[in-house]
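See below for the structure under consideration.
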Amino acid sequence: MEQTNTDLMLIEGILCGQTEQYSILVKRHQRFVFTLALRFSKNREDAEEIAQDCFIKAYKALGTFKQTSKFSTWLYTITYTTAMTFLRKKRLDTLSINDDETFIQLENHTSGFMANGYEKKDSYKFLNEAITQLSADDAAIITLFYQGEQSLEEIGTTLGMAPNTVKVKVHRARQRLKEKLQYLLKDEVKELL
Amino acid sequence: MSTIEQQLWDYIDGNLDANQAKIIQEKIDNDADINLQYEELLSLNLAFQELDLEEPSMSFTRNVMDSVKLEPAPIALKTKVNTNIIYGIGGFFVASILALVGYVLYHSKLQFSNFNSRINLNIDWNTLISPMAIYGFLFIDLVIGLVFLDYLLRKKLAHK
């Protein structure tokens, strides 16, 4: 039943008073929202707080959701603005991100990926590390493009940019990610990928 | 970023039209350096695509739902703005204006038989603003007020 219900069907149910159905929406989108939040905060605790805040905001504003776009696009827009607000606050608090701590966070994370052997796992570890070294905007754009399965138009809606600007930003972010990977892996980049 | 690298990314993303894609494909086939670069970018693209999403804590959904339970239930915007009330208020004002205009015209002794005739707009307001008319006006106001109060109470009840 849960598998067949689309996001829009669930939203209609919630707006008709079946509020418990919101948990299905949360379960469906929590991993991506959390990943996107993590790209900004670089810290799992903060990312969890941002992601929770996003889902509560989305719930409160669910009545205003115009069903002209995908729910995920609308939710990612909320995530982006919430994360940006969080970053601004964090900057005001003058807290710096410690690279060693970031690395520990990645080590602690238990990703579902284990099946393809040690080398592949290592490549993902380095790739994740390279992503954390990117600026928040670059990391978010890479995440939206590859992991969010969003089109350039949808990313443009989320970030408030024209699709052509998004395209250029994706190119630049990929280039910078490639450079970070090359720096981290030196000559081993080709072997690991 | 070099132009060829940008073109290769566009080729991988499928952003090129058939003609441009054909040109790039020829370059990949005929130039060993470009072919090597293409293979590298293709591997990178595959690695980016296969990146796994991060997993929040086990209690994440429960925490969200606990917070959500404290919030009022969301209502669709179209049900928030009750058009019947808007049309009702609008209709009342239109009917009032029409009634007033009709009453004025009825008492103005307007005659169409002679174009030269003057319209008598010397209305005796004392006869128009009678206690009965004031009571009627206040009664209608009271009804509208009660309807609005009922709407507010229903809205409050729905939020609980």
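Protein sequence lines, in the order shown, are assigned to chains A and B. Going by numbering that gives the first Met the number 0, the residue at position 30 of the first sequence is 29; the numbering climbs one at a time, nothing skipped. Going by numbering that gives the first Met the number 0, the residue at position 70 of the second sequence is 69; the numbering climbs one at a time, nothing skipped. Glycine included, each C-beta is placed from N, C-alpha and C at the ideal position. Please read all numbers here as calculations on a predicted model, not as lab measurements.
query                                                                                                                      : result
Span separating the alpha-carbon of B/Phe92 from that of A/Ala60                                                           : 34 Å
Cβ neighbours of A/Asp6 in the same chain (closer than 8 Å, five flanking residues each side left out)                     : Leu24, Arg27, Lys69, Phe70 and Ser71
C-alpha gap between A/Gln51 and B/Lys68, whole angstroms                                                                   : 13 Å
Own chain residues within Cβ distance below 7 Å of A/Thr34, not counting five before or after                              : Thr142 and Gln146
Neighbour flag for B/Glu38 against chain A, beta carbons, 7 Å                                                              : no
Sub-7 Å separation of B/Asn44 and B/Ile3 beta-carbons                                                                      : no
Touching by the beta-carbon criterion (3+ pairs, under 8 Å), the segment 76–90 of chain A and the segment 11–25 of chain A : no
Secondary structure of A/Cys53, DSSP reduced to three states                                                               : helix
Which of helix, strand or coil DSSP assigns to B/Thr2                                                                      : helix
Short CB-CB distance (under 7 Å) between A/His28 and chain B                                                               : no
Expected contact under 8 Å - CB spacing of A/Arg38 and A/Ala138 to nearest Å                                               : 4 Å
Reduced DSSP category for B/Leu52 - H, G, I as helix; E, B as strand; rest coil                                            : coil
Contacts of B/Thr60 in chain A (Cβ-Cβ under 7 Å)                                                                           : Ser22, Val25, Lys26 and Gln29
Residue of B/Ala31, B/Ser58 and B/Gln5 minimising C-alpha distance to B/Ala20                                              : B/Gln5
A/Gln17 - DSSP class collapsed to helix/strand/coil                                                                        : coil
Contacting positions in the segment 143–154 of chain A - beta carbon closer than 7 Å to chain B                            : Tyr145 and Gln146
Residue environment, A/Ser40, which counts as buried when at least 16 other CB atoms sit within 10 Å                       : buried
Coil, strand or helix - B/Ile143 by DSSP                                                                                   : helix
Sequence-distant residues of the same chain with beta carbon closer than 6 Å to A/Gln20, five excluded per side            : Leu9, Gly12 and Ile13
Simplified DSSP state of B/Pro73, which is helix, strand or coil                                                           : coil
Below-7 Å beta-carbon distance, A/Ile55 vs any chain B residue                                                             : yes
Secondary structure of A/Gln29, DSSP reduced to three states                                                               : helix
Sequence-distant residues of its chain with Cβ nearer than 8 Å to B/Gln24 (five each side left out)                        : Tyr10
Within chain B, partners of A/Leu61 - CB distance below 7 Å                                                                : Pro73
Buried or exposed by the 16-neighbour rule on C-beta atoms within 10 Å, applied to B/Gly135                                : exposed
Residues near A/Gly155 in its chain [Cβ-Cβ closer than 8 Å; skip 5 each side]                                              : Ala161, Pro162, Thr164 and Val165
DSSP-derived helix/strand/coil call for B/Gly13                                                                            : coil
Cβ neighbour criterion (16 or more within 10 Å) applied to A/Trp73                                                         : buried
Neighbour flag for B/Gln48 against chain A, beta carbons, 7 Å                                                              : yes
Which of helix, strand or coil DSSP assigns to B/Met131                                                                    : helix
Proximity test, Cβ basis, 7 Å: A/Leu183 and chain B                                                                        : no
Close beta carbons around B/Ile128, own chain, < 6 Å, minus the five adjacent residues each side                           : none
Complete alpha helix (DSSP H) runs within the segment 126–172 of chain A (minimum length 4 residues, chain order)          : 135–141 and 151–158
Chain B contact for A/Glu47 (CB, 7 Å cutoff)                                                                               : yes
Residue range of the unbroken alpha helix (DSSP H) whose run includes B/Thr82                                              : Thr82 to His106
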